[in-house]
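The sequence shown begins at 189 in our numbering and counts up by one.
All residues carry an ideal CB built from backbone N, CA and C; glycine is no exception.
Presented below is the structure to which this report refers.
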Amino acid sequence: MRPIVFILIQIINLYIYLLIASAILSWLIAFNVVNTRNQFVGAVWEFLYRITEPVLGPIRRRLPSMGGLDLSPIVAFFVLWLIQLYLAEYVYPNVP
Numbered sequence: 189m190r191p192i193v194f195i196l197i198q199i200i201n202l203y204i205y206l207l208i209a210s211a212i213l214s215w216l217i218a219f220n221v222v223n224t225r226n227q228f229v230g231a232v233w234e235f236l237y238r239i240t241e242p243v244l245g246p247i248r249r250r251l252p253s254m255g256g257l258d259l260s261p262i263v264a265f266f267v268l269w270l271i272q273l274y275l276a277e278y279v280y281p282n283v284p
């Protein structure tokens with residue numbers, strides 16, 4: 189059972205990194221640092237969007253409109269971090 193909890197913690201950790209990469213790439217696209225017409229950038233953006241949108245979409249619908257500021261990655265980051273912390277501190281040590 190411990191390996192399953194360890195794998196869950198690592199998956200959450202990887203997803204947090206994907207959220208950070210998605211947020212940074214969205215800023216780079218918004219400020220015209222990178223161009224989505226580039227085939228590689230477009231493919232990376234499409235992958236990150238498809239991976240993170242199932243988590244960020246419901247959060248965006250529940251948050252109030254903040255103009256052009258998107259706080260959903262920050263909320264998702266903290267929720268995932270709390271879940272990861274709970275698994276690492278309370279579940280993992282008590283699983284046989």
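Among the options, the one whose alpha carbon lies nearest that of residue i
| i | options | result |
| --- | --- | --- |
| F265 | R250, I217 and A211 | A211 |
Inter-residue Cα distance where the pair is residue i and residue j
| i | j | result |
| --- | --- | --- |
| I208 | P284 | 33 Å |
| D258 | P191 | 35 Å |
| G245 | R238 | 11 Å |
| R248 | V263 | 10 Å |
| L196 | N220 | 36 Å |
Range of the contiguous alpha helix (DSSP H) that encloses residue i
| i | result |
| --- | --- |
| V193 | R190 to A218 |
7 Å CB neighbourhood of residue i in its chain, flanking five on each side removed
| i | result |
| --- | --- |
| L268 | I200, Y203 and I204 |
| G230 | T224 |
| A276 | I197 |
Cut-off 8 Å between Cβ atoms - residues of its own chain near residue i, not counting five sequence neighbours on either side
| i | result |
| --- | --- |
| L236 | L206, A209, S210 and L213 |
Q.
Threshold first: 4 residues or longer. Then list the alpha helix (DSSP H) segments lying entirely within the stretch 225-282, N to C.
A. 227-250 and 260-274
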